[in-house]
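Chemist:
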Amino acid sequence: MPELPEVEVVRRGLASWVSGRTIEAVDVLDPRSIRRHALGVEDFRGNLEGAVVTDVVRRGKFLWLPLTDNPHSTDGAAAEPKVALMAHLGMSGQLLLQEHDAPDQKHLKVRFRLSRRDGMPAQLRFVDQRIFGGLFVTALIPTDDGGPGGLSATPVPLIAEEAAHIARDPLDPAFSFPLFYARLRRRRTGLKRALLDQGLVSGIGNIYADEALWRARLHYARPTDTLRRSDAERVLESAREVMTDALAAGGTSFDSLYVNVNGASGYFDRSLDAYGREGQPCKRCAAAGIHANIRREQFMNRSSHTCPVCQPRPRNGRW
DNA sequence: CTGATTACCTGAATGC
DNA sequence: TGCATTCAGGTAATCA
Numbered sequence: 601m602p603e604l605p606e607v608e609v610v611r612r613g614l615a616s617w618v619s620g621r622t623i624e625a626v627d628v629l630d631p632r633s634i635r636r637h638a639l640g641v642e643d644f645r646g647n648l649e650g651a652v653v654t655d656v657v658r659r660g661k662f663l664w665l666p667l668t669d670n671p672h673s674t675d676g677a678a679a680e681p682k683v684a685l686m687a688h689l690g691m692s693g694q695l696l697l698q699e700h701d702a703p704d705q706k707h708l709k710v711r712f713r714l715s716r717r718d719g720m721p722a723q724l725r726f727v728d729q730r731i732f733g734g735l736f737v738t739a740l741i742p743t744d745d746g747g748p749g750g751l752s753a754t755p756v757p758l759i760a761e762e763a764a765h766i767a768r769d770p771l772d773p774a775f776s777f778p779l780f781y782a783r784l785r786r787r788r789t790g791l792k793r794a795l796l797d798q799g800l801v802s803g804i805g806n807i808y809a810d811e812a813l814w815r816a817r818l819h820y821a822r823p824t825d826t827l828r829r830s831d832a833e834r835v836l837e838s839a840r841e842v843m844t845d846a847l848a849a850g851g852t853s854f855d856s857l858y859v860n861v862n863g864a865s866g867y868f869d870r871s872l873d874a875y876g877r878e879g880q881p882c883k884r885c886a887a888a889g890i891h892a893n894i895r896r897e898q899f900m901n902r903s904s905h906t907c908p909v910c911q912p913r914p915r916n917g918r919w
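Just so you know, this note's numbering puts 891 at position 291 of the first sequence, and the rest follows in order with no gaps.
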């Protein structure tokens with residue numbers, strides 16, 4: 601399940617290999633993977649064939665490739681991209697760089713044939729088992745806050761329209777804690793719900809939400825409008841730490857290109873402290889000589905993992 | 001604004 | 001063995 605660190609690993613893996621390449625042909629093998637492209641398969645292809653990829657940009661879990669019709673205008677200056685190929689990996693999506701003769705993956709959905717370049721793979725492929733992910737073409741629009749930020753290779757003053765409603769993520773150098781805290785306090789909701797709200801802070805999914813809450817010793821139902829500044833700082837910093845660790849793990853296990861851009865990551869090797877540890881001892885409590893088992897509860901139709909001792913449920917809005 | 005619900009999907013795992 | 005059910009997850013639309 602790609603979350604922000606996995607998407608960033610993919611972004612880095614793609615950037616140096618697709619920037620400057622022309623998309624020469626597009627094969628849509630399963631139209632369901634481009635269902636968010638409202639104008640259909642032919643329009644999708646028409647927008648992409650002949651376009652030149654200028655960059656790979658990310659905000660939260662959205663990834664996009666800005667495109668120009670021509671790499672250079674008549675005076676030699678690079679043309680300004682106006683549209684982008686947008687990708688969301690969903691639960692099981694992968695963007696793979698492949699040689700032209702690589703056998704089709706079982707769940708290959710879309711294939712992009714790229715202009716030839718020595719020593720570089722010929723195709724970009726979108727593979728997605730469960731079709732929660734998808735591709736579409738979207739406009740690039742100006743932002744009034746300095747661009748998408750994220751960790752894009754170059755500063756980009758334009759943001760994909762379909763990602764404009766997404767807040768900055770904790771790894772974004774321009775992420776504003778004061779803004780996040782102010783908006784958080786105005787909410788009347790539980791902390792985990794807020795962490796999962798991509799409009800408030802992006803890039804945090806169910807797994808990292810549980811991990812960040814565990815690290816910060818906060819319960820998922822803690823009301824956001826009573827949250828102390830120090831608590832909010834702690835949970836945000838915890839999310840940042842978990843993501844940074846995951847990114848480092850992804851980086852080490854992805855040194856070579858073809859492994860690099862395979863959508864997997866060090867994620868599965870990473871040791872998790874809360875998520876998936878139902879019935880197992882809380883590591884922090886165990887270190888303190890206290891026996892407490894991680895508990896799993898249904899919340900927002902998904903599993904939440906907490907330690908009943910060091911993440912006590914709030915009482916009457918406060919604790 | 002907030003939250004609750006549902007659709008979207010497939011394959012692994014479980015139940016009978 | 002085979003068939004049915006359940007579960008996992010992110011996003012977005014819809015409804016209260």
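Virtual Cβ for every residue (Gly too), placed ideally from N, Cα, C.
Verify whether the separation of the beta carbon atoms of A812 and L795 is less than 9 Å.
Modeler: Yes, the pair counts as a contact, with Cβ atoms nearer than the cut-off.
Chemist: In whole angstroms, give me the CA-to-CA distance for H765 and Q698.
Modeler: Their backbone Cα atoms lie some 33 Å apart in a straight line.
Chemist: Please list, in chain order, all residues of the same chain as V859 whose beta carbon is under 6 Å from its beta carbon, the five residues on each side excluded.
Modeler: Here the model assigns V859 a pLDDT of 41, short of 50, so the residue's position is not dependable and the matter cannot be decided.
Chemist: Could you check which residue in R788, W617, P703, R635 has the C-alpha nearest to that of V737?
Modeler: Among R788, W617, P703, R635, the Cα nearest to that of V737 belongs to R635.
Chemist: What separation, rounded to the nearest whole angstrom, lies between the Cα atoms of F780 and D845?
Modeler: If I take the Cα positions, the gap works out to 22 Å.
Chemist: Is the closest heavy atom of the ligand FMN to the C-beta of A887 under 8 Å?
Modeler: Of ligands this structure carries none, so the ligand FMN is not represented either.
Chemist: Counting pairs of beta carbons, one from the region 769–776 and one from the region 694–713, are three or more of them closer than 8 Å?
Modeler: Flag = no, the region 769–776 and the region 694–713 do not touch.
Chemist: What's the gap between the Cα of V909 and the Cα of R895?
Modeler: Between V909 and R895, the C-alpha separation is close to 10 Å.
Chemist: For D728 versus G690, is the C-beta distance shorter than 9 Å?
Modeler: Contact: yes.
Chemist: What's the gap between the Cα of L818 and the Cα of Q911?
Modeler: About 5 Å.
Chemist: Can you give the Cα-Cα distance for G693 and A687, rounded to whole angstroms?
Modeler: Cα to Cα, G693 sits roughly 9 Å from A687.
Chemist: Just grab the DSSP bridge partners of Q729 for me.
Modeler: Partner(s): none; Q729 has no beta bridge.
Chemist: Below 8 Å, can you find three or more Cβ-Cβ pairs linking the region 618–632 to the region 706–720?
Modeler: The answer is yes - the region 706–720 touches the region 618–632, with three or more Cβ pairs under 8 Å.
Chemist: Taking W814 as the reference, which of R711, P721, C882, T824 has the closest Cα?
Modeler: For the residues R711, P721, C882, T824, the minimum Cα distance to W814 belongs to C882.
Chemist: Using the C-alpha atoms, what's the distance from G613 back to L629?
Modeler: Near 24 Å, if we compare the C-alpha coordinates of G613 and L629.
Chemist: Less than 9 Å between the C-beta atoms of G603 and I804, yes or no?
Modeler: Going by the sequence as given, residue 603 is Glu instead of Gly. Against a cut-off of 9 Å, the Cβ pair of I804 and E603 comes out as a contact.
Chemist: When you compare each of L695, Q705, P770, A684 to A739 by their alpha carbons, which one comes out closest?
Modeler: Nearest C-alpha to A739: A684.
Chemist: Might you give, ordered along the chain, the residues of its own chain that have their beta carbon closer than 6 Å to the beta carbon of S838, omitting 5 neighbours on each side?
Modeler: Counting only Cβ-Cβ distances below 6 Å, and skipping sequence neighbours, we find A812, R815, A816.
Chemist: Give the DSSP bridge partners of H688, in chain order.
Modeler: According to DSSP, which records beta bridges pairwise, H688 is partnered with F662, G734.
Chemist: With 16 as the cutoff for other CB atoms within 10 Å, does D921 come out buried or exposed?
Modeler: Residue coverage of the chain in this structure runs from 601 to 919, which leaves residue 921 outside it and unanswerable.
Chemist: Could you give the DSSP three-state label for N647: helix, strand or coil?
Modeler: Looking at N647 - three-state DSSP - the assignment turns out to be helix.
Chemist: Helix or strand or just coil, what does DSSP make of T906?
Modeler: Reduced to three states, the DSSP call for T906 is strand.
Chemist: By the DSSP assignment, the alpha helix (DSSP H) with K883 in it spans what residues?
Modeler: From DSSP, the alpha helix (DSSP H) with K883 extends over 883–887.
Chemist: For the alpha helix (DSSP H) containing K792, name the first residue and the last one.
Modeler: Where K792 is concerned, the enclosing alpha helix (DSSP H) stretches over 791–796.
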